[in-house]
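Quick notes on the structure that follows.
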Amino acid sequence: MRIDIITVLPELLESPFAHSILKRAKEKKLLEIFVHPLRQWAINEYGQIDDYQFGGGAGMVMMCEPLANAIEFFRKERKYDEIIYMTPDAELLNQSMANALSLKENLLIISGHYKGIDERIRRHFITKEISIGDYVLSGGELPAAVLADAIGRLLPGVLNDETSALFDSFQDNLLAPPVYTRPAEFRGWKVPDILLSGDPAKIADWRYEESVKKTAERRPGLLND
Ligand code: SAH
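Numbering (the working numbering), first residue to last: 16 to 240.
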């Protein structure tokens with residue numbers, strides 16, 4: 016899979032993809048991520064990519080021309096399955112959306128800044144809009160990194176134990192069960208006996224029950240889905 020990200024602040028995206036699982040995904044050539052500075056498509060020598068909003072009001076808006084030219088440049092290079100704008104006023108990112116996007120070949124992600132991007136770009140170029148939560152961040156870089164991470168770890172071969180993503184929270188609409196590691200007793204706090212029983216069927220049942228219990232307590236809405 017290939018992910019292209021267009022941003023005003025490419026520096027913010029240097030670290031998230033340079034470590035751990037996403038780094039390994041890139042090394043194994045399972046995932047390519049390219050970060051492109053929008054200023055390459057600035058409208059003048061001052062690097063302008065934003066302007067005041069029509070109708071007045073505080074805050075700058077990202078202009079049509081740089082974004083349209085950038086998106087058209089990439090669309091000429093290859094076919095994108097989705098052109099995604101990260102924005103708080105959109106459908107919330109969830110696991111099933113990440114699962115679906117992980118099956119695509121090429122994604123182009125636009126991260127916004129300031130007051131956001133001109134509405135005409137959203138209407139005419141963007142094919143999917145995604146929010147990472149009901150709060151407002153100062154830029155779309157962290158949301159783009161969140162999305163790329165959620166997708167990248169699902170690509171076959173990226174995680175060491177290929178089945179392990181299947182047992183994370185939200186797959187099957189359940190939260191993950193509690194996990195423990197050595198020592199079996201710490202400050203008098205013991206690991207549940209069943210996990211030390213060596214009986215895989217009983218352990219699987221226990222984990223399932225714990226998942227259901229936790230989901231009912233914390234996120235009952237998931238069980239109704
Ligand atoms: N004025 C906008 C917020 C702009 S925040 C509004 O009220 O809806 C600036 C940029 O940060 C946005 O263009 C978007 O790309 C990004 N952003 C902020 N919060 C986000 C969130 N919860 N999910 C995804 N992107 C977000």
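No residue lacks a Cβ here, since even glycine has one placed at the ideal position from N, Cα and C.
Measuring only from the beta carbon, is residue i closer than 7 Å to any heavy atom that is part of ligand 1?
i	result
residue 25	no
residue 129	yes
residue 164	no
residue 101	yes
residue 238	no
residue 50	no
residue 152	yes
residue 126	yes
residue 35	no
residue 66	no
residue 158	yes
residue 70	no
residue 132	yes
residue 179	no
Could you tell me whether the Cβ atoms of residue i and residue j are closer together than 8 Å?
i	j	result
residue 192	residue 168	no
residue 129	residue 76	yes
residue 163	residue 18	yes
residue 145	residue 92	no
residue 189	residue 199	no
residue 46	residue 53	no
residue 96	residue 78	no
residue 41	residue 99	no
residue 51	residue 86	no
residue 108	residue 160	no
residue 148	residue 102	no
residue 156	residue 126	yes
residue 82	residue 124	no
residue 28	residue 154	no
Name, in chain order, the residues that DSSP records as bridge partners for residue i.
i	result
residue 200	205
residue 176	Beta-bridge pairing links residue 176 to no other residue.
residue 17	47 and 121
residue 100	125 and 144
residue 106	145
residue 132	77
residue 22	52
Closer than 8 Å, CB to CB, is residue i near chain B or not?
i	result
residue 26	In the displayed structure, chain B is absent; only one protein chain is listed.
Any beta strand (DSSP E) of 3 or more consecutive residues that is wholly inside the region 32 to 90: 47 to 52, 65 to 67 and 75 to 77
Alpha helix (DSSP H) segments (min. 4 residues) lying fully within the region 136 to 164: You should have found no qualifying run.
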